[in-house]
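Chemist: Submitted below is the structure of interest, expressed as structure tokens.
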Amino acid sequence: MKLRLRDALRLKPFDESAESGSAMFVYYSSPSLMVGAVVTVLLAVAAAGLAIAGFSQAMDTIYAGLGVGAITTGLEWNAGLKARSLNHLFLVLLVLGALAVSRAVFG
């Protein structure tokens with residue numbers, strides 16, 4: 454696993470090419486991974502919709518989505534998808550950092 458700055462700017466700092474063939478097989482054979490990925494995407498879409506509409510529940514939905522994403526990251530790690538789980542963990546930590554900075558700046 455190589456870490457490159459160019460890939461970090463594309464939000465995928467770890468190379469997933471070695472896992473690309475087995476990743477779909479792992480997702481199809483593990484219902485918990487598939488459900489985690491689908492729920493994470495649904496919560497992200499719901500949070501975006503709530504934020505655009507101006508509802509206060511948007512932050513709670515974002516935090517729930519990040520929690521489900523972090524759990525899915527752990528499941529990916531245990532399934533053997535190390536680089537993919539590290540990329541997802543990088544994204545979760547990046548979003549949490551952005552939320553912490555925005556909360557500190559905007560209150």
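Residues in the sequence shown are numbered from 454 upward in steps of one, following this note's numbering.
Even glycine gets a Cβ: it sits at the ideal position worked out from N, Cα and C.
All values derive from a computational prediction rather than experimental measurement.
How do the region 538 to 553 and the region 510 to 521 stand: do at least 3 beta-carbon pairs fall below 8 Å, yes or no?
Modeler: yes
Chemist: Report yes or no: do three or more beta-carbon pairs, one from the region 534 to 544 and one from the region 466 to 483, lie closer than 8 Å?
Modeler: yes
Chemist: Ends of the alpha helix (DSSP H) at Leu-519?
Modeler: 511 to 531
Chemist: Only counting the same chain, and skipping five residues up and downstream in sequence, which positions put a Cβ closer than 7 Å to that of Ala-500?
Modeler: Ala-511, Thr-514, Ile-515 and Gly-518
Chemist: For Phe-467, which three-state DSSP category applies?
Modeler: strand
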